[in-house]
Amino acid sequence: ASEVVSLARDTLNSYTNTYYNKQPYHTSALSGIDWVNELLNGHPERIRCELGVCRHIFIVLRDILRDGGITNSKHVMLEEQLAIFLY
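For reference, each letter of the sequence shown is one residue, going 282 to 368 in the numbering used here.
Next comes the structure, spelled out in structure tokens:
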């Protein structure tokens, strides 16, 4: 009986740690274009994980948009606009 209680306690602790003691995922102190630049210049897997595309694909998409006449807005650069869309 004590083994069952011990197993139940351990299972409950494991569940509690998984769902209630969450570790923050988005911990970058940067935002906006600084965050995008961090993605572009950082580890290649990071941009793929965050935006779902590799760095070279992001650059190609940006260039296609720029060639199509899309430009920076008053407050948001084209790279940031694309990152927001992909995120």
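Note that beta-carbon positions come from the ideal geometry of N, C-alpha and C, so glycine has one too.
Let's test the definition: count the other Cβ atoms within 10 Å of the Cβ of residue i and tell me whether it reaches 16, buried, or not, exposed.
i: residue 332; result: buried
i: residue 293; result: exposed
i: residue 282; result: exposed
i: residue 328; result: buried
Alpha carbon to alpha carbon, how far is residue i from residue j?
i: residue 288; j: residue 355; result: 59 angstroms
i: residue 361; j: residue 317; result: 6 angstroms
i: residue 339; j: residue 311; result: 19 angstroms
i: residue 335; j: residue 324; result: 11 angstroms
i: residue 341; j: residue 285; result: 58 angstroms
i: residue 366; j: residue 298; result: 33 angstroms
Looking at chain B, is there any beta carbon in it that lies within less than 8 angstroms of the beta carbon of residue i?
i: residue 325; result: The structure shown has no chain B; it contains just one protein chain.
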